[in-house]
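A.B. asks: Just so you know, the protein sequences line up as chains A and B, in that order.
Okay, so the first sequence: first residue is 23 according to my numbering, each after it adds one.
Okay, so the second sequence: first residue is 78 according to my numbering, each after it adds one.
Note that CB positions come from ideal geometry on N, CA and C, so glycine has one too.
From a predicted model like this one, the values you see are computed outputs, not experimental measurements.
Quick one: the structure is below, and I'll ask about it shortly.
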Amino acid sequence: MTVAVEKTPARKLPRWLARHETLLAVILVIALLGLGAFNERFLTFDNLLNQGRLMTEIGLIALPMTFVIITGGIDLSVGAIVGLCAIMLGYSWKTFGFPLPLAIVFSLFVGGLAGFVNGLVITRVKVPPLIMTIATLALYRGLAEGVSQAHSVRGYPEWFYFLGQGSLYRVPTQLLVLVVLVVVAGVALDRTTFGRTLYAIGSNETAARFSALNVDRAKLIVYTLSGLASALAAFVLVSRVTTTRMDMGMGYELDVIAAVVLGGTSIFGGSGTIWGTAIGLAMIQLLKNGLALTGVKGDATIVVIGAALILSVLVASSLQRRRD
Amino acid sequence: MSATAVAGAARARARGLRRFASQEALLAVAVIGLAVVVGFINPRFLAYRNVADILLGNAYIAIAAIGMSMVIISGNIDISVGALIGVLATLSGSIAVAGAPTIVSWAVPVVLGVLVMAAQGAVVAYLRIPAIVVTLGMMSILKGGLISVTGGKWITDLPQGFHLADLNVLGVPMPVVIMIVATALAALWMRYSPSGRAIYATGGDAEAARLCGVNPQRTVVMVFALHGLFAGIATLVYATQLRVIQSTTPSGLELTIITAAVVGGVSILGGVGTVVGATLAAILIAEITSALVFINISPYWTDALRGGLILATVIADIVRRQRRAARGWKK
């Protein structure tokens with residue numbers, strides 16, 4: 023036994039080093055240094071903090087999306103919920119005359135409700151999550167279009183911009199919020215019964231049911247959180263860009279799912295971590311910023327993100343097959 | 078035991094057939110009923126011009142929905158088709174403007190459509206990557222690639238011969254002819270040919286299909302290749318109708334196509350459905366969109382209505398299945 027333990031490190035990598043997250047982190051550091059050497063504007067403190075500001079909206083949604091994908095589900099409606107909540111925030115304030123703090127709360131409520139409806143139909147009617155959230159992707163975006171009639175809302179008071187544009191000790195406000203939520207979500211997934219339930223559901227839902235785990239309640243919570251996080255992202259986004267438009271959040275599902283899957287969460291459910299998602303998120307943002315600095319336009323970066331999504335799933339599944 | 082099971086299966090199939098006949102009948106009634114009601118409110122809705130606009134302008138959606146139905150029946154999904162149609166239309170127009178023979182500008186989108194979709198099907202079938210991941214990635218590659226290559230430029234001065242959609246067959250416009258012929262051929266093929274039945278078998282239960290001698294992987298590649306064929310034909314109808322081709326992807330097109338397929342009676346759990354329903358549903362959706370304008374409802378509500386329609390159909394389908402399953406249990 024002890025002999026074996028002494029022998030293996032020489033031939034095999036230590037376990038913590040072979041983990042997906044560690045490998046990703048190493049790649050991330052190499053990419054950071056590489057881009058830094060390539061372009062002196064990249065590796066500055068201000069640029070990195072600014073990138074943190076830009077990635078917060080995707081990051082907020084990526085946390086519950088990690089939960090959703092770990093249970094073996096998916097949520098394609100997140101971008102549409104961002105659009106709906108942005109419109110609800112602007113319209114309840116400007117058109118319905120709510121005080122702005124109440125409008126923010128109302129918008130968060132609408133986001134949570136949108137996610138709750140997804141979860142309710144998925145658990146009660148047993149509609150597959152993919153189809154349910156494709157349908158609500160059309161429905162929620164359509165509601166945003168119908169309510170707003172393509173008008174935008176602007177002219178928010180100064181204090182409203184603190185979350186999206188302000189800083190505390192030079193760190194962007196929303197990045198602090200994201201960091202706190204990453205830690206909360208990470209601990210919840212790793213150390214609580216709720217978190218472990220999600221893994222059990224994703225590995226084998228029937229077994230989880232027979233183990234007396236409340237599968238439906240866990241799923242309902244996860245999809246509601248997804249809607250709530252999308253609403254929070256809408257708040258941050260409106261506060262950052264100062265206007266409300268009906269097409270906000272369009273295509274977010276791609277970035278969010280790419281970040282989660284790149285971070286090592288299995289698209290088939292049952293495995294994944296928040297720490298991986300955080301690194302995956304940083305890599306997506308790095309990719310965008312690095313490409314932008316080398317003069318590639320925004321449309322070409324989605325090509326790279328799409329390719330990264332397919333490749334990371336391909337690599338993960340071929341590694342999985344080799345391990346089996 | 079097994080005799081009861083076989084009898085039960087036969088009964089279920091008879092019920093299933095009746096149900097889908099009724100799904101299509103329901104759609105046909107809805108198409109005609111809506112025309113009558115809206116025509117009563119605003120007679121201009123039934124003017125030849127408007128009816129032709131609805132049919133001609135949306136034939137390509139019905140054609141693309143045929144392939145989408147096959148993909149969904151086989152238990153998969155494709156959300157890259159809208160972006161693919163945008164890319165193929167741009168390519169086809171560019172080739173025509175560059176002075177190549179018309180037949181080349183017509184053939185290229187069809188051949189490329191088959192190749193791109195077959196490649197995606199192969200990744201789904203043989204590398205076991207979920208179709209949603211492959212097609213989501215492909216959608217962004219096509220969409221981003223198109224805009225960054227063309228810069229969203231407009232393609233104008235298309236040669237006269239390019240406009241296939243302007244032709245007539247015995248007075249019936251070409252897009253409608255293609256839509257009807259494609260739907261009829263696909264419906265017959267799926268109903269009566271062994272490879273058509275293999276799609277249903279694969280979607281119903283891939284493992285059972287394998288034990289019955291169907292190769293599920295090859296079936297999935299075939300389904301995606303056919304889906305690419307119909308997407309290519311849809312592109313042809315779409316692009317040759319336009320006087321100016323905008324080199325961007327039509328936004329939300331994949332959702333319209335998926336909606337037509339699902340509302341047409343294709344069960345999203347895979348294994349059942351027909352393409353005739355999908356074509357009727359595509360017409361119904363186009364009719365609803367047009368009707369909104371005639372009864373003075375803002376067209377910005379179209380997407381919400383479409384989302385509500387797909388949601389209602391899906392929930393009704395699943396509830397019906399559960400009821401039937403519950404009846405089965407009692408016996």
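Taking the alpha carbon of ALA311(B) as the reference point, which residue from ALA142(B), LEU219(B), PHE301(B), SER171(B) has its own alpha carbon closest?
C.D. replies: It is ALA142(B) whose Cα lies nearest to the Cα of ALA311(B).
A.B. asks: List, in chain order, every chain A residue whose beta-carbon is nearer than 7 Å to that of VAL211(B).
C.D. replies: Here the neighbours are ILE332.
A.B. asks: Closest Cβ-Cβ distance between ALA403(B) and chain A: below 8 Å?
C.D. replies: Not an interface residue.
A.B. asks: From which residue to which residue does the alpha helix (DSSP H) around GLN237(B) run?
C.D. replies: GLN237(B) -> no alpha helix (DSSP H), and no H or E assigned at all.
A.B. asks: Can we say the region 89 to 102 of chain A touches the region 143 to 161 of chain A, given the rule of at least three CB pairs closer than 8 Å?
C.D. replies: The answer is yes - the region 143 to 161 of chain A touches the region 89 to 102 of chain A, with three or more Cβ pairs under 8 Å.
A.B. asks: Flag LYS220(B) as yes if its beta-carbon sits less than 8 Å from any beta-carbon of chain A, otherwise no.
C.D. replies: With 8 Å as the cut-off, LYS220(B) counts as an interface residue toward chain A.
A.B. asks: Check for me: the alpha helix (DSSP H) holding ILE374(B) runs from which residue to which?
C.D. replies: That residue, ILE374(B), is in no alpha helix (DSSP H); it is neither H nor E in DSSP.
A.B. asks: At a CB distance below 8 Å, what residues from the region 281 to 312 of chain A approach chain B? Give them in sequence order.
C.D. replies: Here the close residues are VAL283, ILE289, PHE290.
A.B. asks: Rounded to the nearest angstrom, how far is the Cβ of THR167(B) from that of ALA173(B), given a contact under 8 Å?
C.D. replies: At roughly 11 Å, the Cβ-Cβ gap does not stay under 8 Å, so THR167(B) and ALA173(B) are not in contact.
A.B. asks: Residues in the same chain with beta-carbon distance under 6 Å from SER225(A), minus the five sequence neighbours each way, listed in chain order, please.
C.D. replies: Answer for SER225(A): GLY292, listed in chain order.
A.B. asks: With 16 as the cutoff for other CB atoms within 10 Å, does ARG400(B) come out buried or exposed?
C.D. replies: By the 10 Å Cβ count, ARG400(B) comes out exposed.
A.B. asks: By how many angstroms is the C-alpha of LEU190(A) removed from the C-alpha of ALA84(A)?
C.D. replies: Between ALA84(A) and LEU190(A), the C-alpha separation is close to 24 Å.
A.B. asks: Please check if any C-beta of chain B sits within less than 8 Å of the C-beta of SER114(A).
C.D. replies: Output row for SER114(A): interface = no.
A.B. asks: Can you give me the Cβ contacts of GLU79(A) inside the same chain, cut-off strictly under 7 Å, excluding the 5 residues immediately before and after it?
C.D. replies: For GLU79(A), where only same-chain residues beyond five positions count, the Cβ hits under 7 Å are ALA255, VAL258, LEU259.
A.B. asks: Assuming LEU227(A) is part of the alpha helix (DSSP H), what are its boundary residues?
C.D. replies: A small correction: the amino acid at residue 227(A) is Glu; Leu does not occupy that position in the sequence shown. Segment 227 to 232, the alpha helix (DSSP H) holding GLU227(A).
A.B. asks: Would ASP319(A) be called buried (16 or more neighbouring beta carbons within 10 Å of its own) or exposed?
C.D. replies: In the sequence under discussion, the amino acid at residue 319(A) is Lys, which differs from the Asp named in the question. Classification of LYS319(A): exposed, given that the 10 Å Cβ count is below 16.
A.B. asks: Taking the straight line between their C-alpha atoms, what separation do you get for ALA308(B) and THR66(A)?
C.D. replies: Roughly 48 Å separates the two Cα atoms.
A.B. asks: Could you give the residue range of the alpha helix (DSSP H) that holds TYR162(A)?
C.D. replies: Start and end: 151 to 170.
A.B. asks: Between the alpha carbons of LEU386(B) and ASN72(A), how many angstroms are there, rounded?
C.D. replies: Looking at the two C-alpha atoms, the distance is approximately 42 Å.
A.B. asks: Please compile the residues from chain B whose C-beta is within a distance smaller than 9 Å of the C-beta of LYS241(A).
C.D. replies: Result: empty, since nearest Cβ-Cβ is about 16 Å, beyond 9 Å.
A.B. asks: Taking a cut of 8 Å between CB atoms, which residues from the region 260 to 289 of chain B lie near chain A?
C.D. replies: Result list empty, no residue passes.
A.B. asks: What in chain A is Cβ-close to ASP380(B), meaning under 7 Å?
C.D. replies: Near ASP380(B) (Cβ distances below 7 Å), the residues of chain A are ALA160, ARG163, GLY164, GLU167.
A.B. asks: Once DSSP output is grouped into helix, strand and coil, what is the label at THR326(B)?
C.D. replies: Three-state DSSP puts THR326(B) in coil, outside helix and strand.
A.B. asks: Taking the alpha carbon of ILE209(B) as the reference point, which residue from SER340(A), ILE92(A), GLN342(A), LEU331(A) has its own alpha carbon closest?
C.D. replies: Comparing Cα positions, the closest option is LEU331(A).
A.B. asks: Below 9 Å on C-beta distance, what does LEU71(A) contact in chain B?
C.D. replies: Residues of chain B passing the Cβ test: none, with the nearest at roughly 27 Å.
A.B. asks: So, using beta-carbon positions, are TYR274(A) and GLY101(A) closer together than 8 Å?
C.D. replies: Against a cut-off of 8 Å, the Cβ pair of GLY101(A) and TYR274(A) comes out as a contact.
A.B. asks: With DSSP collapsed to three states, give me the class of LEU220(A).
C.D. replies: Helix at LEU220(A).
A.B. asks: Within 10 Å of its beta-carbon, does ALA136(A) have 16 or more other beta-carbons around it, so buried, or fewer, so exposed?
C.D. replies: Buried, because 16 or more other Cβ atoms sit within 10 Å of the Cβ of ALA136(A).
A.B. asks: So is THR390(B) buried or exposed if we call it buried at 16+ other beta carbons inside 10 Å?
C.D. replies: THR390(B) should be labelled buried.
A.B. asks: Report the rounded CA-to-CA distance for LEU133(B) versus VAL253(B), giving the unit in angstroms.
C.D. replies: Taking the straight line from one Cα to the other gives about 6 Å.
A.B. asks: For TYR377(B) and chain A, any beta-carbon pair shorter than 8 Å?
C.D. replies: By this cut-off, TYR377(B) is an interface position.
A.B. asks: What are the boundary residues of the alpha helix (DSSP H) that GLY58(A) is part of?
C.D. replies: That run of the alpha helix (DSSP H) goes 42 to 60.
A.B. asks: Looking at the unbroken alpha helix (DSSP H) that takes in GLU284(B), where does it start and where does it end?
C.D. replies: Element bounds for GLU284(B): 283 to 288.
A.B. asks: What separation, rounded to the nearest whole angstrom, lies between the Cα atoms of VAL258(B) and ALA107(B)?
C.D. replies: Looking at the two C-alpha atoms, the distance is approximately 22 Å.
A.B. asks: So, is ILE49(A) buried or exposed, given that buried needs 16 or more other C-beta atoms within 10 angstroms?
C.D. replies: Its Cβ having fewer than 16 others within 10 Å, ILE49(A) is exposed.
A.B. asks: Could you tell me the distance, in whole angstroms, from the CA atom of VAL202(A) to the CA atom of MET272(A)?
C.D. replies: Roughly 26 Å between the two C-alpha positions.
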